[in-house]
Each structure stands twice: as C-alpha cells, then as structure tokens.
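Undergrad: Going by this note's numbering, the sequence shown opens with residue 127, and the numbers climb by one from there.
Yeah, the Cβ is synthetic: ideal placement off N, Cα and C, and Gly gets one too.
Have a look at the structure that comes next, please.
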Amino acid sequence: MREPLVAVASRSFSGDKVLRDELLSAFPNCRFNEDGGRLHGEALVGFLSDAAGAIVGVERIDGPLLERLPSLKVISKYGVGLDSLDVDELTKRGVVLAWTPGTNAHAVAELTLLHMLATRRRVPEGLARIRERNWAPVSGHLLAGATVGLVGVGHVGRALVGLLEPFGCDLLGYDLAQIDAPGVSQVPLAELLARADVVSIHVPLTTATRHLIGPTELALMKPGAVLVNTARGGVVDESALVSALMRGQILAAGLDVLETEPPGSWEIAEIDTLLLTPHLGGSSEESNRAMGRAAIRGLVANQAALAG
C-alpha cells in the first residue's frame, strides 16, 4: 500500500534539514517547498495536489482552494496563528486541523521585551540620528517601574509576565477570558490604555479584534506612552498609528507585524519614532524546531485520517 503523500508548503520547515529528516522518518512520502517562496493561488493548488496531509505556515487555505483538493485529509499548522486558515471551511469539509498553541510564546515574548526597552529609551530616534551622522543623544524612560498593559494574556502574555518580573512593573491586563497570571490586574481596555506607559498587543486577528486599536483607542493613551505589537498587523489600525506618531500623540511604537507584509509602501519604515522588525517574533532556531516538531506530531496523531 502506498504511503500517504505529505506536502510541506511551509518554506521555513522545508529549509530545515533536521525537521525534514524527522518528518521523513515518520512519513517517507513527502514533498517539500524547495523554491523557498511563499506559495499561493495556482502554485499552492498544484503543490498540494494529491496530498493527503499538509504542513502549512502562512499559506492561505480557504474554501475555493479546498474545493480543488479533494484528497486533502489533514492540515498541520507550523506556527500558532490561525488567521490564514478558514477553520469553518475545514470543519465543513471534514479536513482535520492539527494545531498546537504556545509553541513560540517565549520567542515572541523576548522580542516584545526588546521592543519595549528600545521604544521606551527612544532607540529608533537615536539610530535615525546616527544614520544622518548626527551624534546627539536622546533621553527616554526606564521600563523599570513602568505600568505595562497587556492586551491579551494568553501564552505570550504570560511568558512576558515572567520576563518583566525583574523590572518591577505594574501589570494591567485586558482579556475576554478570566486572566490567569499572578500579578496582573484585569481591567477594561479603556482603563488599560489610559493608565499604561507601555501597551503591548497579544491577541489573535479575528473579526472581533481587527482594528481593536484605532483612533479612539490611541487617543486614550498617554502622550509619553508607547505601543508594541508583536501579534498580528490587522489588530492595530496602521494609518491611525502612523498619524498618531507623526503628530507626536504618543512617544513611540514598536511593530513586528504589519497589515500587509511586506508593506505596500515603505514610508512607514522612515518614521523616526517607530521600531520596525520584519515579523521576527516567533522565529528563533529553538522555536522554529518546536513549531516543526509540533506539526509533525499533529500528523502522527492523525495517521488514521491520512490513510482513510
């Protein structure tokens, strides 16, 4: 009997020899994304054609695509975000979704801490002056003792709480669920925005959270506050944030995610009070391996569905 075909669309997984070998030991019949580019449209359909299982990262999987892939039985997610997957369509068509939350939480939390420190100390402005050959120090603020507001206190938020412990911050949290993180005071979003010196976003992108932080919310923030988003770009209204930064409405912002990646216009990268990183949050050698192994376990746990 022929082994079920597993197609690995994720370019990060495909480029890791260790993960490839571990997957091949469990599923000898594999197809990898050898080109290293992001697959979409006809290219993605062709790549997944005849596959019973797939490992996907940021690839968009929706109803029209699934309609053309009748052989697909299991999708295993490399990473934690589900905004690229139409979960309702997967359920309707009986395609199993294997997903392990929290596998890159510490990697995202560490980068978030970097953004907090850099924006509080006005590092982006200092670097902008250096690029202009202008040796002119700027005076920012300490993170130690600051009030930090966590919008979303799930896996990443709780990991960040541990990293912030030595800084002695006053921690506020806003979450739709009851917050299970010692030392975090649960408050309404408006109160968090008004009190926090640092507002840090840690919620998934859904219809309910799209542009959760817009002009009204930014207007509630202190003039000396900073906004950090290492979650998903669409949670923050990008144009409203750019306007707030240009007008000096808030001190600075740190973004690891944008609404469109790469950006349609690179003007956002020229704002002196913005620290912009290219979606590095979940990516470290350690977290990449953890996400890859979780994806492999997702397929192994659903071997019956793959063979069916």
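1) Roughly how many angstroms lie between the CA atoms of Thr238 and Arg128, to the nearest whole one?
2) From Arg419, Ala431, Gln429, pick the residue whose C-alpha is nearest to that of Thr226; which is it?
3) Excluding the five sequence neighbours on either side, which residues of its own chain have a C-beta within less than 6 Å of the C-beta of Val282, listed in chain order?
4) Taking only runs of the alpha helix (DSSP H) that begin and end inside the segment 280-357, which ones reach a length of at least 4 residues, in chain order?
5) With Leu198 and Val221 assumed to form a contact (beta carbons below 8 Å), what rounded beta-carbon distance in angstroms separates them?
6) I need the boundaries of the beta strand (DSSP E) containing Val274, first residue and last residue.
7) If I measure Cβ to Cβ from Leu243 and keep anything under 7 Å in the same chain, skipping five residues before and after, which residues do I get?
8) Which one of Val200, Glu193, Val206, Asp188 has the shortest CA to CA distance from Asp214?
9) Mind checking whether Glu364 and Leu384 have CB atoms under 9 Å apart?
10) Name the two residues that bound the continuous beta strand (DSSP E) containing Lys218.
11) Measure how close the beta-carbons of Ala351 and Asp323 come, nearest whole angstrom, since I'm counting them as under 8 Å.
12) Which residue's Cα is closest to the Cα of Gly407: Ala169, Ala433, Gly359, Leu425?
13) Find out if the Cβ-Cβ distance for the pair Gly163, Arg137 is shorter than 9 Å.
14) Answer yes or no: do Val200 and Leu432 have a C-beta to C-beta separation smaller than 9 Å?
15) Is the Cβ-Cβ distance between Pro330 and Ala357 less than 9 Å?
16) CA-CA distance, Arg336 and Gln429?
17) Leaving out five residues on either side along the sequence, give the residues of the same chain with a beta carbon under 8 Å from the beta carbon of Phe173.
18) Give the range of the beta strand (DSSP E) segment to which Leu268 is assigned.
19) Can you tell me which of Arg321, Leu400, Gln312, Gly278 puts its alpha carbon nearest to the alpha carbon of Arg334?
20) Could you pull the start and end residues of the beta strand (DSSP E) that Arg77 belongs to?
21) When you compare each of Leu131, Leu290, Ala316 to Gly271 by their alpha carbons, which one comes out closest?
22) Considering Lys203, what are the terminal residues of the alpha helix (DSSP H) in which it resides?
23) Just confirm the distance between the C-beta atoms of Ala395 and Thr245, as a whole number of angstroms; I'd bet it's less than 8 Å.
24) What is the rounded straight-line gap between the Cα of Ala370 and the Cα of Leu216?
25) Rounded to whole angstroms, how far is the Cβ of Arg247 from the Cβ of Gly266, which I believe are closer than 8 Å?
26) Looking only at its own chain, which residues have a Cβ that is under 7 Å from the Cβ of Val426, when we skip the five neighbours before and after it?
27) Could you tell me how far apart the beta carbons of Val206 and Gly228 are, in whole angstroms, since I believe they sit closer than 8 Å?
TA: Result, derived from the coordinates:
1) Whole-angstrom Cα-Cα distance: 46 Å.
2) Here the closest residue by C-alpha is Arg419.
3) Spatial neighbours of Val282 in its own chain (CB-CB distance under 6 Å, excluding positions within 5 residues in sequence) are listed in chain order as Ala231, Val234, Ala235, His328.
4) Counting whole runs of 4 or more residues, the segment 280-357 contains the alpha helix (DSSP H) stretches 281-290, 315-321, 341-346.
5) The C-beta separation of Leu198 from Val221 comes to about 6 Å, placing the pair in contact by the 8 Å criterion.
6) Taken as a continuous stretch (DSSP letters only), the beta strand (DSSP E) holding Val274 covers 273-277.
7) Result list for Leu243: Leu269, in chain order.
8) Asp214 has its Cα closest to that of Asp188, out of Val200, Glu193, Val206, Asp188.
9) In this structure, the beta-carbon distance from Glu364 to Leu384 falls below 9 Å.
10) No beta strand (DSSP E) contains Lys218, which is instead part of the alpha helix (DSSP H) from 213-218.
11) Contact holds; Cβ gap of about 5 Å.
12) Of the candidates Ala169, Ala433, Gly359, Leu425, the one whose C-alpha sits nearest the C-alpha of Gly407 is Gly359.
13) Their beta carbons are under 9 Å apart, which means Gly163 touches Arg137 by this criterion.
14) If you check the CB distance, Val200 and Leu432 come in under 9 Å.
15) Cβ distance < 9 Å, so Pro330 and Ala357 count as in contact.
16) If I take the Cα positions, the gap works out to 36 Å.
17) The residues Ala133, Ala135, Arg157, Asn159, Leu165, in chain order, have a CB closer than 8 Å to that of Phe173 in the same chain once the five nearest residues on each side in sequence are set aside.
18) Membership of Leu268 in any beta strand (DSSP E) is not indicated, and neither H nor E is assigned to it by DSSP.
19) One detail in the question is off: residue 334 reads as Ala in this sequence, not Arg. Of the candidates Arg321, Leu400, Gln312, Gly278, the one whose C-alpha sits nearest the C-alpha of Ala334 is Gly278.
20) In the structure displayed, the chain extends from 127 to 434; residue 77 sits before or after that span and is not available.
21) Selected option, being the one with the closest Cα: Leu290.
22) Boundaries for Lys203: no alpha helix (DSSP H) harbours it, while the beta strand (DSSP E) harbouring it runs 200-203, taken from the DSSP string.
23) Taking C-beta atoms under 8 Å as the contact rule, Ala395 and Thr245 fail to qualify, at a distance of about 15 Å.
24) Those two C-alpha atoms are separated by around 39 Å.
25) For Arg247 against Gly266, the beta-carbon gap comes to about 4 Å, under 8 Å, which counts as contact.
26) Close CB contacts of Val426 within its chain, under the 7 Å cut and outside five residues either way in sequence, are with Ala152 (chain order).
27) Contact holds; Cβ gap of about 7 Å.
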